[in-house]
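I have placed the structure first, in the form of structure tokens, so that the comments after it can refer back to it.
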Amino acid sequence: MRIFKMGGAQITGPLVFRAHFEPGDFLFSREMAAGFARQQLGCLSAWDRYNSKLLYQSVFLGKEHLDGLSLTGPEDYLEMSVETIPGWPGSKLSGREAAAAPGGGAGVLSTLNSVWALAEKSGLDGWQRKDLFLCLSAGYLLARRSPEELPISPSDAAARYRKDPFDPDAGRWLEFGGADALELKPRAEPYRILLGGAGQNRLAPGERLALCRIGGASGDGTVTLELYRGKYDPKPAREEIDPGDYRYLTIAVNGNSRRPVYLHPVTVKNSYCTMTRRGNRLCRRMFGQPETSVACGGDVVSFAPEPDGGGWLLLRPNRLDLSRYSRNQIGAYTSQLWGGRAIQVDMRGDICLVLFDTGQAVSNLFGIGANGLTSLDDAALSHLRR
């Protein structure tokens, strides 16, 4: 039995349908979408019932129904005769009345105009062009989304409508190639980053760690990242990059293979001290005390405050900076921290931790460390030997 999926998620209810609506997946699985709409969306409002019935008719009555259908413009969508389908309660509906009723969607005409223009450029002819227009319009309107929010090109829409073979992951994930820096432009759709599954916290044989700087293009609008721990993560974490700001990402590299494994945070807490990077400044706040700040002096990859706020570890691109660490002059506390090319720093209480590009994690305490890690997050630190 096939499972109805869109946007990498199994569609199990109206809220999931709207949260994960993806126009290409919708067109490819429009028969399942029509059945789903009949069962779970048509009962929500008069507007949802109209769109669900129109979708169902277009999909299942097909060529015979659509050949004789006159469509002269996008607003004809609202003038369709939605018949009473056996087993589906409700009488004939007026599209305009349904759109104006409680639960009706906003931006209807804008959506219909956009989908009409797309269908005209799709290369499909006759009843198939009508079918594409009706199906895709119903999908957007049922999802309460617009083509501007979730765009699809005319050629891609036609290919998905025809059910041409395709790679479901093509274009879905942010690609890193061989770049050590990316500049992303703001867009309505978030940039998705696949962080991997169960093996995320461990390096595979032959892998080493590297850093990639992700910058937000200067101008208006923030860049939104969605971090997936597996392709079907139902609740990806969201992070934003302000215009002109940046984040660093750890990449596991093996030849041409590059898999992202860890996005470095901009806020770190250690005991009663919280440190946040805001633009080009590091801001410290102790519990119950005013915030203080210092200039970063350039890009910061990773940082970690001491528990009393007296100092911190700092990692700049390609350079570990211990000048603000309160015990930086004591060799017994720092000698192991210089053992390689640093990728990340952390502090747990008074314990300093540094992760090298080899996956080796060392600390300022002899006998505490680990090998084969991709980050110093809580899951990875469970591998520390004590």
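Each residue of the sequence shown is one higher than the one before, counting from 345 in the numbering used here. Glycine included, each C-beta is placed from N, C-alpha and C at the ideal position.
Nearest candidate by alpha-carbon position, reference residue i, set the options
| i | options | result |
| --- | --- | --- |
| Leu518 | Lys575, Ser454, Ser396 and Ala548 | Lys575 |
| Tyr669 | Glu650, Gln680 and Gly684 | Glu650 |
| Ser562 | Gly550, Tyr590 and Pro491 | Tyr590 |
| Ala714 | Arg546, Pro491 and Cys627 | Arg546 |
| Ala363 | Cys387, Gly417, Lys397 and Glu493 | Glu493 |
| Leu571 | Tyr606, Thr416 and Ile347 | Tyr606 |
| Gly515 | Ser719, Ala705 and Gly351 | Gly351 |
| Val698 | Pro634, Gly386 and Ser646 | Ser646 |
| Pro634 | Thr678, Cys617 and Asp469 | Cys617 |
| Gly412 | Asp694, Arg573 and Trp471 | Trp471 |
| Asn600 | Ala554, Glu584 and Thr636 | Ala554 |
| Ser679 | Gln688, Cys696, Trp656 and Asp420 | Cys696 |
| Phe365 | Lys507, Ala487, Gly632 and Gly693 | Ala487 |
| Thr455 | Asp469, Ser490 and Arg346 | Ser490 |
| Arg625 | Pro580, Leu658 and Leu398 | Leu658 |
| Arg628 | Arg473, Ala648 and Thr594 | Ala648 |
| Leu593 | Ile585, Ala581, His608 and Arg602 | His608 |
Presumed contact (8 Å Cβ cut-off) between residue i and residue j, rounded CB distance
| i | j | result |
| --- | --- | --- |
| Tyr394 | Gly439 | 6 Å |
| Pro367 | Gly483 | 6 Å |
| Pro418 | Trp391 | 17 Å between Cβ atoms; not a contact. |
| Leu538 | Ile558 | At roughly 14 Å, the Cβ-Cβ gap does not stay under 8 Å, so Leu538 and Ile558 are not in contact. |
| Ala501 | Leu476 | 6 Å |
| Leu720 | Gln688 | 5 Å |
| Ala378 | Phe361 | At roughly 12 Å, the Cβ-Cβ gap does not stay under 8 Å, so Ala378 and Phe361 are not in contact. |
Cα-Cα separation, residue i to residue j
| i | j | result |
| --- | --- | --- |
| His409 | Ser402 | 8 Å |
| Val644 | Gly560 | 15 Å |
| Cys556 | Leu422 | 49 Å |
| Phe520 | Val610 | 21 Å |
| Leu756 | Tyr505 | In the structure as shown, the chain starts at 345 and stops at 730, and residue 756 therefore has no counterpart that could be examined. |
| Glu711 | Ile355 | The amino acid occupying residue 711 in the given sequence is Gly; Glu does not appear at that position. Looking at the two C-alpha atoms, the distance is approximately 49 Å. |
| Ser615 | Gly653 | 9 Å |
| Thr718 | Pro534 | 24 Å |
| Ser373 | Leu480 | 11 Å |
| Ala548 | Ala686 | 19 Å |
| Leu462 | Ala443 | 22 Å |
| Arg622 | Pro604 | 24 Å |
| Val638 | Thr620 | 11 Å |
| Pro495 | Gly451 | 15 Å |
| Arg536 | Leu569 | 6 Å |
| Ala353 | Met424 | 32 Å |
| Leu359 | Pro587 | 31 Å |
| Gly703 | Val597 | 11 Å |
| Leu681 | Pro661 | 16 Å |
| Arg663 | Arg692 | 21 Å |
| Asp564 | Glu583 | 17 Å |
| Phe631 | Gly357 | 44 Å |
| Lys349 | Asp369 | 7 Å |
| Asp420 | Lys397 | 15 Å |
Simplified DSSP assignment, three categories, for residue i
| i | result |
| --- | --- |
| Asn457 | helix |
| Tyr400 | helix |
| Gly713 | strand |
| Leu720 | coil |
| Trp517 | coil |
| Thr636 | strand |
| Arg573 | coil |
| Cys479 | helix |
| Val452 | helix |
| Thr678 | helix |
| Met376 | helix |
| Asp652 | coil |
| Phe361 | helix |
| Tyr421 | helix |
| Ala487 | helix |
| Gly406 | helix |
Neighbour-count burial assignment, residue i, 16 or more Cβ in a 10 Å radius
| i | result |
| --- | --- |
| Thr566 | exposed |
| Arg531 | exposed |
| Leu385 | buried |
| Gln383 | exposed |
| Asp690 | buried |
| Leu453 | exposed |
| Glu551 | buried |
| Lys579 | exposed |
| Phe510 | exposed |
| Ser497 | exposed |
Residue i CB to nearest heavy atom of the ligand PLP below 8 Å
| i | result |
| --- | --- |
| Pro418 | Questions concerning the ligand PLP fall outside what the structure shown contains, since it holds no ligand whatsoever. |
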